[in-house]
Ligand SMILES: [Zn+2]
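In the numbering used here, the protein residues as written are 620 to 899.
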């Protein structure tokens, strides 16, 4: 699933090719993509609009269009954007023809990806505020913010990090990598993470995401960039998908556990398990 670095990779490639262009032709081939709008309504809403900018918040691509209209696009599990592909992908859901003759296709095998509209600055702000917490690259993001946000939470810290309303953009890969770097066990209750641990974890989240962006994302599922190329961050994973390998830091075997309902890689020597108080 594309996480923040994968979506940012797409955005950086796409922004210079889209900014200033007009969406001349728009065809929505899958009604699920834009529900509750009908495909014809979405096509009408987008057609003839100029792209003012292409931004990102969390895992959303934010297309800001002329007339203060915004398209919020989420790629979910298997969404891919392709620019002038030689062969149109099988699972093409949306086709956009630009006024410079280029073509952008959105393909999505599992069809969980979405396109939604927000009207005006306020509409956009309300849409994002209802769904997303602070961006890790926001100046307000840090140990103090996270420590306060997690107070009283008994959710495992990994679940806390994956909750988009708490921290925007972090998914399974980057949560595992950041927890390992900060030596925090994924099952530690978020409310029990100490200030010192947040002091390690907050920068670890930012560094992991930055490393992911620098590597053009990670391609372990279907992620490909705009030109169909794969990212390389999977080659830099310190812990994620390293089950059975010796820990890169201490040599103990990396274990696979379930945390937040997801397969999770952990070194329980570097990331000591929280002590559990059992009821008798
Ligand atoms: Zn270790």
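No residue lacks a Cβ here, since even glycine has one placed at the ideal position from N, Cα and C.
Spatial neighbours of residue 651 in its own chain (CB-CB distance under 6 Å, excluding positions within 5 residues in sequence) are listed in chain order as 730. For the segment 708-764, the continuous beta strand (DSSP E) assignments of 3+ residues that do not extend past its boundaries occur at 711-717, 722-727 and 733-738, in sequence order.
Placement of the Cβ of residue 874 at a distance of 7 Å or more from every heavy atom of ligand 1 is found. Taken in chain order, the complete beta strand (DSSP E) segments of 3 residues or longer contained in the segment 623-653 are 642-647.
If you ignore the 5 residues before and after residue 859, its C-beta comes within less than 7 Å of the C-beta of 792, 795, 796 and 884, all in its own chain and listed in chain order. With a threshold of 7 Å, the Cβ atom of residue 888 counts as near ligand 1, since some heavy atom of the ligand is closer than that. In this structure, residue 646 keeps its C-beta atom at 8 Å or more from the C-beta atom of residue 660. Contact between the segment 762-771 and the segment 811-819 is present: three or more C-beta pairs spanning the two stretches fall below 8 Å. The criterion of a C-beta distance shorter than 8 Å is satisfied by residue 625 and residue 836.
For residue 861, the three-state secondary structure derived from DSSP is coil. Per DSSP, residue 849 has no beta bridge partner at all.
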